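1 is the number of the first residue of the sequence shown in the UniProt record's numbering; add one for each residue after it.
No residue lacks a Cβ here, since even glycine has one placed at the ideal position from N, Cα and C.
Because the structure is a prediction, the values reported are computed rather than measured.
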Amino acid sequence: MIKSLLNNNRVINQYSSLINEINNLETNFKLFSDEELAEQTIKLKKKYRNTGNLNEITPEAFACTREAGRRTLGLRHFDVQLLGGLVLNDGKIAEMRTGEGKTLVSTLPAYLNGLTEKGVHVVTVNDYLAKRDQTWMGQIHRSLGLNVGLIQEDMNSKQRQINYNADITYITNSELGFDYLRDNMAFNIKDVVQRPFNFCIVDEVDSILIDEARTPLIISGTTENSIEKYVVAAEVVKYLEVQMHFEIDEKSKNIVLTEKGIIQAETFLNIKDLYNKTDPWIPFIVNALRASTLFFNNVHYIVKNNEIVIVDEFTGRIMPDRRWSDGLHQAVEAKESVPIRGGNQTLASITYQNFFLLYPKLSGMTGTGKTAEAEFEKIYNLPVLAIPTAKPNKRNDLPDYIFRDELSKWKAVAKECNDIVITGQPILIGTTSVEKSEILAQLLVDYNLPHSILNAKPENVKKESEIIAQAGEKGSITIATNMAGRGTDIVLGGNIKFKIQKELYGYLLLLKNKRELIKNNSIISNLIEENNTPLNFYFNDLLNDKEFLELTPIDLLKILNEIDQVKKLDKSHKLVLQKIFKVVFTRLKIIQEKDNKFIKDLGGLYIIGTERHESRRIDDQLRGRCGRQGDPGKSRFFLSLDDSLLRVFGTTSIQDYMTNELLDDVPLESALLTKSLDSAQKTVENRNYDSRKYLFDYDEVLNKQRQVIFYERRNVLESNSVRKKILALGDQVITDIVEESESLDIKILNNILQDLLGTSLNLKEFTKYNPTYTKLELKNYLQQQFWLTYELKEAEIETVEIGLMREIERATMLKYIDIMWKEHLQNMSLIRDAVGWRGYGQRNPLFEYKDEAYGLFLYLIKLIRQLVIYELLNIKPI
């Protein structure tokens, strides 16, 4: 630990001279006009083109970004933020505590690398954050003359191309990965949206490169599967009992049928063998059992619009585009009696590990990176540097409380809220699932305690930013599922910008409809009645502004979202709205500052955790929501012996000890407990790392094949003509036929040629004049005949339309590359499942997989050649 800390300090010290150099430039840059500041971009681009070295322009680029941030956002980068930016630019991970301004830090390396005109991708965990950062931080880049792109889920190919071609593009990890896979399935180069990768900054890097990396990115197509079997299996498992008919392995989330269970299932299904190869029922029964015993509504998924929507266990967000594989999703659909969608077949896939390793330069930022430091280094070659906080950390992490059972725990949390909220101290409670957040919410209702709830349910997701922004208000209670990637700071005393936007939006809608000043209990109405504010004049101006009265609610919302950020306003009503905003902001700022000081005196935001997560990082993310920027704060976890971490991964001795020590409703603080919980978390983290390492090792084999296939496919897509490639393929097919033939008998060869090429290539003519021939002579003759046959076929096709053959060649190659690659992915999946059993025979499954994968890949390439040549030789003109 001490060695790691010393190394960290040594690395940080190496940046001190650069930071001093940037600081020394600040005075000069402040003297520039806005236009002169923007001109620095042109100068820096020219300097980079001449030298090809970013290091030579780094101090000027960072100083330029800092000054632009001060002017556009009123935010000046601290020295520690400059340090974070330098770490990111060097292809490392910057660990910065929550509230230290990671989003602002990213603008520094983004601008610097944007000067290369090769593109920068800033990757976030959801569409909301990508859009927010592009709008907010994009002001810095736009003021300096760089263009800023944004990729959103509902964009078409043309929009994506434009935004990917921007100097800096904000995007989510899933959209980025799926666009890469779609590009490598495109049939026309015009449909390709991404350009070659250059530099990537990953926000919440541990969430994306660690947590999300347990599941590969997969583009799939529907296949014909028996939906009826899922329904029948869901009914059958209702008659199977745990322990008697099946056993549950909660650690691996799997089910094992007992002998009695197999017999019982076969009896209900009226079949002789669950494992029958031609008509297997075992996967349907196992998935139905997993769905009913391991996957629960409002925990692992929610039912929305009659569909099963997965909930991300790490962020608490819904994942509408994701489906569980291997029939599990259909089993859950059958369990919940919602429409069952067909099965899936993989068309293209890649792991997050191999995807992000495609970037020549990769970096990331997070508040909790050190926990997974070894994995970042080993898999991604990304060192983690802990960046010091701008102000000393004052958070007080109190010892955990543990209770005998869940009911006692929930009662204690509710009582704690009741005792604390009276003082005015705000409380944020972290839960691990939708279900548990609603249990606690009901208890707070029983105590008559007002509260906000944020979980994966749609009605709560819509209010996410507002709920989190106001979690620091005096006397507020906020219940939230996991806090990773929420992206909104919790300000003690409340976020007045959000409050003003909400109040002003409601008031302006009333104003537009009634066409007169409204008297109600709103903040706006109360301020209008005061004689010392000019608000009534401003609102009267709006009532006389035709353009304002024609605004739609959506237009109005867009203006209010940006009203405090825009300098140059193009409409009179926008100027008036900005004046109104400033008046209200000034008044509320006074109230907010009083509340801020009051809450700080109470100890700041109080974080309550209701369960230890499998990963220590998730717990740290929750704690990190308080104590930001030198604010005070405190945190405590309320736990019980029923919590899954202790129940599934804790030892029996710990359970027995705690049961004997605990009294009803009386918590226990124990060093032994803390040690046991830490040990359990490390056990789970190691198991999850092994799972990701397993996925990475096996995909690494497939990744080498994927790179070959995608490279060849892109060459075909970009080439004006693939004729030479086709002729080379034909020569190789003939070489394979001749070299692999055990006999040179003319009849046998004739049949082989007819089967593989659809033509004998006039082989009989050859034998007339060459009764005795060698393999080399035979091969040369057949290759000549192939070329001649192909020339004739080309001439035949070109009579229909000039250039048609070139299009057919390209389309045929792409078609068979895609078809056979899809089949290859299925075969590779089957091999991976099969080699797992060979470990019992003292053979290394990974080595076995590599050997079989190599042979299968050679067969794939050979098959693609044969199918392409066969179709081209036998195509008929219309």
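Inset, instruction - Label residue 484 either buried or exposed according to how many other C-beta atoms from any shown protein chain fall within 10 Å of its C-beta, with 16 as the threshold for buried. - result: Only weak support is given to the placement of residue 484: the predicted model assigns it a pLDDT of 48, under 50, and the question is left unresolved by the model.
Legend entry - residue 476, buried or exposed, once every other Cβ within 10 Å from all chains shown has been counted against 16: Within a 10 Å sphere around the beta-carbon of residue 476 sit 16 or more other beta-carbons, which makes this residue buried.
Inset, instruction - Report the rounded CA-to-CA distance for residue 872 versus residue 346, giving the unit in angstroms. - result: Rounded to whole angstroms, residue 872 and residue 346 show a C-alpha spacing of 27 Å.
Inset, instruction - Would you kindly work out how many angstroms separate the C-alpha atoms of residue 686 and residue 622, rounded to a whole number? - result: C-alpha separation (whole angstroms): 21 Å.
Legend entry - For residue 573, three-class secondary structure by DSSP: Secondary structure at residue 573: helix, using DSSP grouped into helix, strand and coil.
Legend entry - Residue interval of the alpha helix (DSSP H) (run including residue 446): That run of the alpha helix (DSSP H) goes 434 to 446.
Legend entry - Segments of 4+ residues assigned as alpha helix (DSSP H) that fall wholly inside the stretch 508 to 554: Listed in chain order, the alpha helix (DSSP H) runs fully inside the stretch 508 to 554 are 523 to 529, 535 to 543, 546 to 549, counting runs of at least 4 residues.
Inset, instruction - Could you check the C-alpha separation between residue 105 and residue 832 for me, to the nearest Å? - result: A direct Cα-to-Cα measurement between residue 105 and residue 832 gives close to 42 Å.
Inset, instruction - Would you mind reading off the limits of the alpha helix (DSSP H) that contains residue 365? - result: Looking at the DSSP string, residue 365 is not in any alpha helix (DSSP H); the run it does join, the beta strand (DSSP E), is 361 to 366.
Inset, instruction - Could you name the residues of the same chain whose beta carbon sits closer than 7 Å to that of residue 812, not counting the 5 residues immediately before and after it, in chain order? - result: Only 868, 871, 872 meet the Cβ criterion.
Legend entry - Distance between residue 391 and residue 426 (C-alpha atoms, nearest Å): If I take the Cα positions, the gap works out to 22 Å.
Inset, instruction - Work out the CA separation of residue 835 and residue 776 for me, nearest whole Å. - result: Take the alpha-carbon of residue 776 and the one of residue 835: they are about 40 Å apart.
Inset, instruction - Please name the residue in 180, 692, 267, 520 whose C-alpha comes closest to that of residue 206. - result: Closest by alpha carbon: 692.
Legend entry - Where the alpha helix (DSSP H) through residue 723 begins and ends: Where residue 723 is concerned, the enclosing alpha helix (DSSP H) stretches over 723 to 740.
Inset, instruction - Give the DSSP-derived three-state secondary structure of residue 301 in the structure shown. - result: Residue state, collapsed to three classes: strand.
Legend entry - N- and C-terminal bounds of the alpha helix (DSSP H) containing residue 59: According to the DSSP assignment, residue 59 belongs to the alpha helix (DSSP H) that extends over 58 to 72.
Inset, instruction - For the beta strand (DSSP E) holding residue 121, just list the boundary residues, first then last. - result: In the DSSP assignment, residue 121 falls within the unbroken beta strand (DSSP E) covering 120 to 124.
Inset, instruction - Tell me where the alpha helix (DSSP H) around residue 791 begins and ends. - result: From DSSP, the alpha helix (DSSP H) with residue 791 extends over 775 to 798.
Legend entry - Alpha-carbon spacing of residue 738 relative to residue 707, whole angstroms: If you take the alpha carbons of residue 738 and residue 707, they lie about 30 Å apart.
Inset, instruction - Note down, in chain order, each residue of its chain lying with its Cβ closer than 8 Å to the Cβ of residue 6, except the 5 sequence neighbours on either side. - result: With a pLDDT of 45 at residue 6, under the threshold of 50, the predicted position of this residue should be treated as unreliable, and no value is reported.
Inset, instruction - Please name the residue, chosen from 742, 144, 637, that lies closest to residue 34 on a Cα-to-Cα basis. - result: Taking only the C-alpha atoms, the option nearest residue 34 is 144.
Legend entry - Residue-chain proximity (residue 43, chain B), Cβ-Cβ < 7 Å: The structure shown has no chain B; it contains just one protein chain.
Legend entry - Uninterrupted alpha helix (DSSP H) stretches inside the UniProt domain "Helicase ATP-binding" (83 to 241) (no shorter than 4 residues): Restricting attention to alpha helix (DSSP H) runs no shorter than 4 residues, the UniProt domain "Helicase ATP-binding" (83 to 241) encloses them at 102 to 114, 127 to 136, 138 to 143, 157 to 164, 173 to 183, 227 to 236, ordered along the chain.
Inset, instruction - Identify, in the order they occur along the chain, each residue of the same chain with its Cβ nearer than 7 Å to the Cβ of residue 572, setting aside the five sequence neighbours on each side. - result: Cβ within range, chain order: 545.
Inset, instruction - Spatial neighbours of residue 703 within its chain, please: CB distance less than 6 Å, with the 5 preceding and 5 following residues excluded, ordered by chain position. - result: Excluding sequence neighbours, residue 703 sits near 354.
Inset, instruction - Would you grab the beta carbon distance between residue 502 and residue 91 for me? Rounded to a whole angstrom, and I think it's under 8 Å. - result: Their Cβ separation, rounded to whole angstroms, is 42 Å, which puts residue 502 and residue 91 out of contact at 8 Å.
Inset, instruction - Identify every residue that forms a DSSP beta bridge with residue 634. - result: Answer by DSSP bridge pairing, in chain order: 396, 606.
Legend entry - Assumed close pair residue 240, residue 265 - CB separation to whole angstroms, cut-off 8 Å: Under the criterion of beta carbons closer than 8 Å, residue 240 and residue 265 qualify as touching, at roughly 7 Å.
Inset, instruction - Return the CA-CA distance between residue 734 and residue 728, expressed in angstroms with no decimal places. - result: If I take the Cα positions, the gap works out to 10 Å.
Legend entry - Same chain, Cβ closer than 6 Å to residue 758, neighbours up to 5 away in sequence not counted: Contacts found: 870, 873, 874.
Legend entry - According to DSSP, residues forming a beta bridge with residue 349: In DSSP, residue 349 forms a bridge with 218.
Legend entry - Delimiting residues of the alpha helix (DSSP H) encompassing residue 331: Here the alpha helix (DSSP H) through residue 331 covers 328 to 335.
Inset, instruction - Return yes when the Cβ of residue 864 is within less than 7 Å of the Cβ of residue 828, no when it is not. - result: Cβ distance not < 7 Å, so residue 828 and residue 864 don't count as in contact.
Legend entry - Bounding residues of the alpha helix (DSSP H) (the contiguous stretch that carries residue 381): DSSP places residue 381 in no alpha helix (DSSP H); its state is neither H nor E.
Legend entry - Bounding residues of the beta strand (DSSP E) (the contiguous stretch that carries residue 310): Taken as a continuous stretch (DSSP letters only), the beta strand (DSSP E) holding residue 310 covers 307 to 311.
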